[in-house]
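Here's the structure, in structure tokens; my notes come after.
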Ligand SMILES: [Zn+2]
């Protein structure tokens, strides 16, 4: 073997070990959220902390760093290999440049943050959470300075989840999106509201229906599982072990439908990543935003469309009989639009306004324009402006778990997912008879298109670039706004000015 191939193979061996440690960690975390008995949590937290420490020690080691910097000098690597080495070098720096003391402190604070957030929710009082949140913010700023001295803090945080994205770009995208959404929302608010689904739908039957749904979409059931969790998620325990969880509500099957489509979308992306490139650094998903584009495409673009419900309604009726809604009732209920206080339960039109509020607050917080104690009022003010004012802190600033775990800079990826999804959806409709396929339940060509255009490239390009390569020079904001007008304008009988 020539010296470069030897270095590559040594690197691959090292990375295989750290990837597998990560997969073991994911198994423990999956079990924690689906199976674990109440009294098992304390010990499980210790086990997870131990694995994280071992993973960090191995991945952030001098050995891996030396291999990567040696390889980054080799000119005989092809373009894909070079890209992979640069990506891994960045991962390595992100892991190795933060002092161990700070890593530990942040992990401890995340544990405390979660507890304080729960206590604050029980007391319905943000002031119970604020002191720990302040410490989380301070430690996060310290970490950003350690990673990229001199860079704007929020840019560094966003880059954790969406490589290549900047605060400035987000500000521009979100400002234009908000300006596009508010007139649609105002128009809908004056129209007759869509109904809700009502009835009783036994949980066992819902579960077997969810399994049928996931496999109809193309989820490989020999390479994964579907289980239940209070807060649905998808996790990767290996290239051929991708696990979905879903959530059932006996009174409303819309919850199970949304969760199953969403998580299956994530899982299909994971199952489509280029596992033959394992160890090159390119085989991973591109960003959280691109991941969300895949889940939201199935959940919303496909899963809230009229043709989808024409396919779904008779299949649902096979499980539930007379209580099953007809296709039109499904369609109308799935597209009920409301200015609410809750992001997770929000419809497609208002969802991004919820995200924009969080982005504005985070941006201002890390720019020093507002302070932690101001968050409660700033939240309520922004909601009063665009959505509806919260009744209390649980409906308001204590709503999401993210800040308690120091996941600052994460929220924008939800809306980026919707923007990417809209652009990809527009392009797909130019190339495939999407709605005829959906109405017949032929999802394979749709999945095949996503596999070829998106999944198989891993993280070879930053997400925005990948989407541009697929869709051409397009305005993702206009793609999303016109998609929403087309569906909701027609449904609510309103037209765009
Ligand atoms: Zn998701």
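Numbering (this note's numbering), first residue to last: 443 to 939. Positions of the beta carbon are idealized from the N, C-alpha and C atoms, including for glycine. The structure displayed is predicted, hence computed values, not measured ones.
- A straight line joining the alpha-carbon of residue 819 with that of residue 627 spans about 24 Å.
- The straight-line gap separating the alpha-carbon atoms of residue 540 and residue 692 is approximately 46 Å.
- When the alpha-carbon of residue 568 is set against those of 857, 864, 843, 889, the nearest one is in 843.
- By a beta-carbon distance limit of 8 Å, residue 880 contacts residue 750. Their separation comes to about 5 Å.
- Under the DSSP definition of a beta bridge, residue 670 partners with 688.
- In this structure, residue 930 and residue 777 form a Cβ contact; the two beta carbons are roughly 7 Å apart against a cut-off of 8 Å.
- Every alpha helix (DSSP H) stretch that sits fully inside the stretch 493-558 and reaches 4 residues is listed by chain position as 504-514, 521-538.
- Residue pairing of residue 677 in beta bridges, as defined by DSSP: 685.
- Around the beta carbon of residue 789, 16 or more other beta carbons sit within 10 angstroms, so the residue counts as buried.
- Put simply, the backbone Cα of residue 697 is about 18 Å away from that of residue 709.
- Residue 454 carries a helical assignment under DSSP once its states are collapsed to helix, strand and coil.
- Scanning the stretch 581-628 for uninterrupted beta strand (DSSP E) segments of 3 residues or longer gives nothing; none is fully contained.
- Using a Cβ-Cβ distance cut-off of 8 Å, the stretch 485-504 and the stretch 453-467 are in contact, since at least three pairs of beta carbons, one from each stretch, lie closer than that value.
- Three or more beta-carbon pairs separated by less than 8 Å link the stretch 635-647 to the stretch 675-692, which places the two stretches in contact.
- In summary, residue 477 is exposed, with fewer than 16 beta-carbon neighbours lying within 10 Å of its beta-carbon over all protein chains present.
- For residue 834, no alpha helix (DSSP H) run applies, since DSSP gives it neither H nor E.
- Look at residue 864 here: in three-state DSSP terms it is helix.
- Scanning 821, 918, 761, 771 for the CA closest to the CA of residue 785 turns up 821.
- A direct Cα-Cα distance of roughly 12 Å separates residue 444 from residue 516.
- Nearest in C-alpha terms to residue 678, of all of 688, 671, 670, 666, is 666.
- Here the distance from the Cβ of residue 894 to the nearest heavy atom of ligand 1 is not below 7 Å.
- The beta carbon of residue 518 sits no closer than 7 Å to any heavy atom of ligand 1.
- Distance from residue 905 to residue 731 at the Cβ level is roughly 5 Å; contact confirmed, criterion being Cβ atoms closer than 8 Å.
- In the same chain as residue 725, and ignoring 5 residues on each side of it, the C-beta atoms closer than 7 Å to its own belong to 715, 716, 717, 719, 900, in chain order.
- Residue 852 sits in coil when the DSSP states are folded into three classes, being neither helix nor strand.
- Secondary structure in the stretch 707-753: no beta strand (DSSP E) run of 3 residues or longer lies completely within the stretch.
- The C-alpha of residue 528 lies about 17 Å from the C-alpha of residue 447.
- About 5 Å separates the beta carbons of residue 671 and residue 475, which is inside the 8 Å limit, making them a contact pair.
- Contact residues of ligand 1 (beta-carbon closer than 6 Å to any heavy atom; chain order) are 704, 708, 734, 737.
- Comparing C-alpha distances from residue 935 to each of 543, 483, 629 shows the shortest one belongs to 629.
- If you check the CB distance, residue 911 and residue 903 come in under 8 Å.
- Under the DSSP assignment, residue 794 falls in the alpha helix (DSSP H) whose first and last residues are 793-808.
- For residue 918, the closest alpha carbon among the candidates 878, 869, 937 is that of 869.
- CA-to-CA, the gap between residue 531 and residue 608 works out to about 20 Å.
- Apart from the 5 residues on each side of it in sequence, residue 876 sits with its Cβ closer than 7 Å to the Cβ of 870, 888 in its chain, given in chain order.
- In chain order, 643, 647 place their CB closer than 7 Å to the CB of residue 762, counting only its own chain and leaving out the 5 sequence neighbours on each side.
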